[in-house]
Structure formats: C-alpha cells, structure tokens
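Engineer: Just so you know, the sequences run in chain order A and B. Residue numbers for the first sequence follow our numbering, so the first one is 11 and each next one is one higher. Residue numbers for the second sequence follow our numbering, so the first one is 2 and each next one is one higher.
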Amino acid sequence: MTPVCRLLVSFALAVWVAALPAQTRPGRIISIVPALTEALFSMGAGPRVVGVGSFDRHPAEVDSLPKVGGLIDPDMEQIIALTPDLVVLYGSQEDQLAQLERAGISVFVYAHGGLNDTLATIRELGVRTGQRMPADALADRIGSQITRVSNRVADQPKPRVMLVFGREPGTLSNVYASGGIGFLHDMVEAAGGDNVFAAVARESVQLSSESILTAAPDIIIELSYDERMTPARQVAERAVWSRLPAIPAVRAGRVHLLLGNEFVQPGPRMGDATEAIARALHPKAFQE
Amino acid sequence: MGLLPVVAGVTAGARRRRVWAVQIGFLLLAVLAVLCAPLVGPTAISLRQVFDPTIAFADNVDAQIFFIARLPRTLAGALVGGALAAAGVVLQALLRNPLATPFTLGVSAGASLGAMLVITFGLPLTLAGIPAVPLASFVGALAAVGVVYGLATMRRQGLSTNVLLLAGVTLNSLFSAIILFVQYLADFTQSFQAIRWVMGNLDVSSYQPLLWALPMLLVAAGAFAGLPRALNLLTLGTDSAAARGIDVLRTQRLAFVSASLATGAAVALGGPIGFIGIIVPHLVRLLIGADHRFVLPASACLGATFLVVCDTAARTLLSPMELPVGVITAMLGGPFFLWLLVTRGGGPR
C-alpha cells in the first residue's frame, strides 16, 4: 500500500468512526441503574433521559421523570411504552434483556466492578450515547480526583480499615463489610487505608463478632445510604460498636459513620466519596 | 440406637432406668456442647488469658472473643434450639400431626412480617432498649398466634385443632404473600437484609437479648413441665383424654400458648431457624419412644445441642465469613431426617 493510499484509508476510517455515534445516537434513554443515571446527567445526556429506576435519587432532575422499577421489578410495559432507543440495565436481568432485544430496543448492560471498571463503563456509556468527549472528561475528572486524594495521603501511615456497608440497626448482627474486590475496596485503598479483609476475594463478607475482634481494625468506616438518619440515631448506631471494646478503632474513638448514597453507588461522585473516606482516615493530611 | 425394641421383655424397672440413663445422657450432651462450643472458633485464644484478672477486660481481646463473640451466641443457640425443639414436641402432640413444627401455626411468618416491616420502613420503634427487629418479630409472632387462636375458638366450644391447623397454614401463606409485597416495595439492600434475617443469626454479641428472651422462655418451660402426662393422653384423642379426667380445653390452651410463647421468643432471638422443631422431636422419639415425660426434656436438650453445634459450624467453617445458621440446620437436618424416614419405615408410631 502506498503512503497516499494508507492515508486515504485511514481518513475514510476516521470519517466512518466519527459518523458512527451520530448514526446510533439514541434520542430517548432509560436507565434503571442509579449510578449510570447519574453519569448520564453528568455527561450531558440528561435531557434525553425519559425514564429512570425507582431508586434513582441523583441528580434532582430524576424526581420528575417516570420511574420504571429497579433490579428486581422493572416494569417492562412502561419501559416499552416510553419508546426508548437505549435502555441501561443490569447484566443479571436476562429476561428483560431478551424482551428488549425482541422489541428491537438496544441495551447497555451494566456490570458491577472496581473503580477502574466503573470509569471504563462511563467511557463506554459516553460512546453509546454520543457523548464521548464529555464522558471521557467525566471519567478523567473522577480519575484525577481520586489520584489527587491518593497523592495527598501517600506519605501517611496506612491504618487498618474495616469498611462496613450493612448491619442490622441497633445490633452487631449481620455485619457486612467490603472484601478484597470491588469499588468499595478500591476506594479504601485509594484513600490510603489497608482493608483488613483484603485477602477475602469477594465483594462482601458477612462477619461474626469474633472475626471483627480478630481483624482488629484501627478504623471502622460505616456507610449508610440513609441520608435522613437523625443525629441522635447516628450517635446511637456508632455507640453500638462499643460492645466490642477490644477493637482498636473503638478504643481510639475512630468509628466513622458516613451517610450518602455516593458511598454505595459507583458513579460520578466516586471521587467525593473517596475523599470523604480519606478525610476520615487521615484528618491530618487535610488540615490546611 | 433404638432402645425400646431392644428392651422389650426386660422388666419395667430396668426399662425405666434405661430411659432415665438416656435422658441424663441428653442433658450431659447439651451441657458438654455449651461448655465446649465457646472453646472452638476460627481464632486461637488462650484460656489463661481469658480468665487473667490482671488484664483489663477492655484490653483483653481473648476474653472479649470468649465472653462477647462466643459465649452469648452459644447460650442463645442453646435457648433457641431447646425452645424450638420443645415447642415442636408440644405442637405435634396438640395437633396430633407428626408434620407439625413450631412454625406451622403462622408464628414464623408473623415474625418475619414484623421484622420485614421494620427493616423496610426503617421504623425506629424500640421498647426498653430492645432493638426494633427482634421486638417487631416478637410482636408479629404473637399477633399471628392471636389470630389463629381467635379463629380456632370462634366457631364452637373448645379449641378445634383442625381449624387451628388450617388457619395456621392459611395464615402462613397469607403472610408470605404480604411479605413478598412488602419486599417488592423495599429497595435492594433492605430486601437483602430481610432475606438474611429469615436465614437466622445467633450472633447476639451481648447478653441483653438473652435476658429479654429468658423470662418468656422460663414461663413457657414452666408450662411445658406441667404438660407431658396430659399430652400423652391427648395424643390418644380428645374424647379418651377427657374420659381419663383431663381438662382437654385447658391443656390445649396451655400447650398452644406456651409453645407459641417459646417459639416467638426463640424467633425474636435467633430468627426463624428451621428443621430443629421437626427433626429433633422425631429423632428423640425414635431413640426413647413416645412418652412425653421423656420426649419433651430430651428434645429440649437435643435441640440445644444440635443448634449449638450447627452455630459453631456457622461461625467457623468459612471464617472470617459467617454462614447463615438456618442454612446449616436445614442442610444437615433435611438429609438426615430423610435418611431416618427411609430406614425407619415412615417414622415413629
């Protein structure tokens, strides 16, 4: 192939690729995955979102949009009636995926993963919705925000951290903590912590009191998506941990309760969530 | 092994001694389980350090593992297991149905519904420091029992065990439907929490829940103590029991209320842990015959032993992960019971 020919071919290819998103740019999008709904709005695809999941809370615009169910109970009739040309849903929703395929509606399948998977997902979603540049910018922004946090705490000693994301209220029963994979684990590590259950190759670990005592974390970070929890209940829930006074975190008064769904939804606010965790782990590094 | 067939032909005194020996054996087994279980666990602890008075409790990790992580849940296992097995015996006799369990009359569905409502709607109700979920499950259990009892006594004089059974089964399905509906309204995390609650968990990590459950269990145990002779006659039929001077209605009422109380307290403490209430009584009957004077205490002891052993497995096998104890009782209990059923030709007579 001559250089001119090669140039022509690559030019034609570039034109074709550039034209691709325009051809498939969906005009009506439904997302039932809260993190990705949020990402759609952050990358500027918000005006084209015509339906969201029942548990979507962010951004505020979603409140006025039709709610079409969630992971377990998507309302397929309503979804199809909204005539979307792209539906963002979970990979485990096989029946719904097949149904949408039969209806000729394209889908974007969400797969749960770590921090980097989430950033890749945001970029892919940008390509699929014709918002590649803003999506890349969003992913870059989240990535650099997390890098900034990591750099800031890089020279701090790493405390041993237990990240709890579920527990029966008022008790230490059914405690769920992050294992060694997934975005929660990644956020702890990025925030300069050493996850005490990093060796367990699972996203979540159900713990007994004994394994918590044995793990002996220096800091306990407890996440709750219940943003409306009253201050009195927050104090009461933190106090529950004092039943296990041998835990270094309890003795040092380093049990933190972080409220907000940004901690449990890997979306655009992941950088904020990582920073909030880092501030709890390394308050000194954030003193101006 | 089966004792009664072996002792056929032996004098009544020798037989009685034998049954007593088995009885004491069950008791020793339970005591042994409760004493040994706290020594077993994923972490190696030194007993010397556990009981070392020179180390402050707040600094003594071994002591906390022993006294907070292991001992309360071992005791909870013993109480819940004993209560469920004894309640199973009483209900099987009362309903004259070998398939009856402590959960047949809607207790577990009522308790689950209570727990589910609190988990889903985040109701912060507490009473005297009892957390919301155990409290709601206990209230739910008693409500279900109340409805079933009301239905069974409404139609005619006395307590219709048929109505009791049918109302219980129906209420179970009705509550399950409501549970599904509530779950449908719940979000994913809440549903998961609720499902996890149903699998049972004895990790109480303090003695407080035991103290709440204990008074109710003691009342139930007191009532159980007065029941065996009447239950023996009741299993022959209400008419023949009445003919032998048993106050049938009073016995039925006492049996029903005490079994429900024991089950409600057990479920509030450990969740609706299945299989104990059905396999333990049958196992005991296979071993020592059907006399409730022996079956009832022996079942309580064996139920306690069985649950303590299962819970030790739950907290040890996949450490640091915790396994749901209800899953273990079902996985051990189910096949074992089927094996018994097949080898013993249709269960006890």
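Ideal Cβ positions, reconstructed from N, Cα and C, are used throughout, including at glycine.
(1) Going straight from the alpha carbon of V310/B to that of T190/B, what length do you get?
(2) From the beta carbon of M322/B, is the nearest beta carbon of chain A less than 8 Å away?
(3) For G14/B, does the count of other Cβ atoms within 10 angstroms reach 16, so buried, or fall short, so exposed?
(4) Using a Cβ cut-off of 8 Å (strictly closer), state whether Q155/A contacts chain B.
(5) Are the region 146-157 of chain B and the region 86-99 of chain B in contact at 8 Å, needing three or more beta carbon pairs?
(6) From S116/A, P293/A, V137/A, pick the residue whose C-alpha is nearest to that of G203/A; which is it?
(7) If you scan the region 160-222 of chain A from start to end, which runs of the alpha helix (DSSP H) of 4 or more residues do you find wholly inside it?
(8) Where L233/A and R177/A are concerned, what is the direct C-alpha to C-alpha distance, given to the nearest angstrom?
(9) Which residues of chain A have a Cβ atom closer than 8 Å to the Cβ of I69/B, listed in chain order?
(10) Report the start-end ranges of each alpha helix (DSSP H) in the region 54-128 of chain A that is 4 residues or longer and not cut off at the edges.
(11) What are the boundary residues of the alpha helix (DSSP H) that includes L297/B?
(12) Anything in the region 154-182 of chain A with a Cβ closer than 8 Å to a Cβ of chain C? List those residues in chain order, please.
(13) How about V215/A: is its C-beta nearer than 8 Å to some C-beta of chain B?
(14) Would you mind sorting A32/A into buried or exposed? The rule is 16 or more other CB atoms within 10 Å of its CB.
(15) What's the call for E285/A, buried or exposed, on a 16-neighbour Cβ count within 10 Å?
(16) Once the 5 residues before and after P103/B are set aside, which same chain residues still bring their CB inside 7 Å of it?
(17) Kindly indicate if chain A contains any beta-carbon less than 8 Å away from that of R286/B.
(18) Check whether the Cβ of N271/A lies closer than 8 Å to any Cβ atom in chain B.
(19) Select from P132/B, T171/B, V108/B the residue whose C-alpha is nearest the C-alpha of A145/B.
(20) Helix, strand or coil, according to DSSP, for V265/A in the structure here?
(21) What number of angstroms, rounded off, separates the C-alpha of I90/A from the C-alpha of L75/A?
(22) Can you list, in chain order, the residues of its chain with a C-beta nearer than 8 Å to that of T181/A? Leave out the 5 residues immediately preceding and following it.
(23) What residue ranges within the region 140-165 of chain B form continuous beta strand (DSSP E) runs of no fewer than 3 residues, ordered along the chain?
(24) Name the chain A residues that come within less than 9 Å of D60/B, Cβ to Cβ?
(25) Taking 8 Å as the threshold (beta carbon to beta carbon), is Q50/B in contact with chain A?
(26) With contact counted as at least three CB pairs below 8 Å, one residue from each stretch, are the region 180-190 of chain B and the region 224-231 of chain B in contact?
(27) Going by DSSP, name the residue or residues bridged to S313/A.
(28) Does DSSP put I433/B in a helix, in a strand, or in coil?
(29) At the level of alpha carbons, what is the spacing between A301/B and G82/B?
(30) List the endpoints of the continuous alpha helix (DSSP H) containing I329/B.
(31) Which first and last residues belong to the alpha helix (DSSP H) in which S113/B is found?
(32) State buried or exposed for G111/B, treating a residue as buried only when at least 16 other CB atoms are found within 10 Å of its CB.
(33) How long is the line joining the alpha carbons of A22/B and R261/A, rounded to whole angstroms?
(34) Do L135/A and L46/A count as a contact pair if the criterion is CB distance below 8 Å?
(35) Using 10 angstroms around the beta-carbon of A121/A, count the other beta-carbons present and answer buried if the total reaches 16, otherwise exposed.
(36) For F276/B versus G335/B, is the C-beta distance shorter than 8 Å?
Structural biologist: If we stick to the structure as given:
(1) Taking the second sequence and counting its residues from 1, the one referred to as residue 310/B is at position 309. Taking the second sequence and counting its residues from 1, the one referred to as residue 190/B is at position 189. One C-alpha to the other measures close to 30 Å.
(2) Translated into positions along the second sequence, residue 322/B becomes position 321. Yes, contact with chain A.
(3) Walking along the second sequence from the start, residue 14/B turns up at place 13. With a threshold of 16 other beta carbon atoms within 10 Å, G14/B falls short and is exposed.
(4) Taking the first residue of the first sequence as 1, we reach residue 155/A at position 145. No, Q155/A does not count as interfacial toward chain B.
(5) no
(6) Along the first sequence, read from residue 1 onward, the residue named residue 203/A stands at position 193. Nearest in C-alpha terms to G203/A, of all of S116/A, P293/A, V137/A, is P293/A.
(7) Here the runs fully enclosed are 193-200.
(8) Start at 1 with the first residue of the first sequence, and residue 233/A comes out as number 223. Start at 1 with the first residue of the first sequence, and residue 177/A comes out as number 167. The straight-line gap from Cα to Cα measures roughly 10 Å.
(9) The residue labelled residue 69/B in the question sits at position 68 within the second sequence. At a beta-carbon threshold of 8 Å, the residues of chain A lying near I69/B are S219, L223, R253, L254, ordered along the chain.
(10) 86-91, 104-112
(11) As a position in the second sequence, residue 297/B is number 296, starting the count at 1. Taken as a continuous stretch (DSSP letters only), the alpha helix (DSSP H) holding L297/B covers 293-317.
(12) No chain C appears in the structure shown, which is made up of the protein chains A and B.
(13) The sequence position of residue 215/A within the first sequence is 205, counting from 1. True, the Cβ-Cβ gap to chain B drops below 8 Å.
(14) Counting from one through the first sequence, the residue named residue 32/A turns up at place 22. Annotation note: pLDDT 47 at A32/A (below 50); position unreliable, no value reported.
(15) What you label residue 285/A is simply residue 275 of the first sequence in a count that begins at 1. Buried: at least 16 other Cβ atoms inside 10 Å.
(16) Translated into the one-based positions of the second sequence, residue 103/B becomes position 102. L85, A88, G89, L92, A260, T264, G278.
(17) One-based indexing of the second sequence puts residue 286/B at position 285. Not one chain A Cβ lies under 8 Å of R286/B.
(18) As a working mapping, residue 271/A is identified with position 261 in the first sequence. Closer than 8 Å: no.
(19) The residue you call residue 145/B lines up with position 144 of the second sequence. Among P132/B, T171/B, V108/B, the Cα nearest to that of A145/B belongs to V108/B.
(20) On the first sequence, residue 265/A is found 255 positions in, with the first residue counted as 1. Strand.
(21) Counted from its first residue, the first sequence places residue 90/A at position 80. Counted from its first residue, the first sequence places residue 75/A at position 65. Their Cα atoms are separated by approximately 15 Å.
(22) Residue mapping note: residue 181/A aligns to position 171 of the first sequence, counting from 1. Counting only Cβ-Cβ distances below 8 Å, and skipping sequence neighbours, we find V250.
(23) List check, beta strand (DSSP E) in window: nothing returned.
(24) The residue you call residue 60/B lines up with position 59 of the second sequence. Near D60/B (Cβ distances below 9 Å), the residues of chain A are P255, A256, R261.
(25) What you label residue 50/B is simply residue 49 of the second sequence in a count that begins at 1. Not one chain A Cβ lies under 8 Å of Q50/B.
(26) no
(27) No answer is possible for residue 313/A: the residues shown for chain A start at 11 and end at 298.
(28) This structure does not reach residue 433/B, given that chain B is present from 2 up to 350, and the question cannot be answered.
(29) Residue numbering aside, residue 301/B sits at position 300 when the second sequence is read from its first letter. Residue numbering aside, residue 82/B sits at position 81 when the second sequence is read from its first letter. The alpha-carbon atoms of A301/B and G82/B are separated by roughly 7 Å.
(30) Counting from one through the second sequence, the residue named residue 329/B turns up at place 328. Element bounds for I329/B: 326-344.
(31) As a first step, residue 113/B is located in the second sequence; it is residue number 112 there, counting from the start. Element bounds for S113/B: 108-122.
(32) Locating residue 111/B in the second sequence gives position 110, where the first residue counts as 1. Its Cβ being crowded by 16 or more others within 10 Å, G111/B is buried.
(33) For the purposes of this step, residue 22/B is identified with residue 21 of the second sequence, where counting begins at 1. For the purposes of this step, residue 261/A is identified with residue 251 of the first sequence, where counting begins at 1. Whole-angstrom Cα-Cα distance: 50 Å.
(34) As a first step, residue 46/A is located in the first sequence; it is residue number 36 there, counting from the start. As a first step, residue 135/A is located in the first sequence; it is residue number 125 there, counting from the start. Between L46/A and L135/A, the C-beta gap is smaller than 8 Å, which places the two residues in contact.
(35) In the first sequence, the residue the question calls residue 121/A occupies position 111. It counts as exposed.
(36) What you label residue 276/B is simply residue 275 of the second sequence in a count that begins at 1. What you label residue 335/B is simply residue 334 of the second sequence in a count that begins at 1. Yes.
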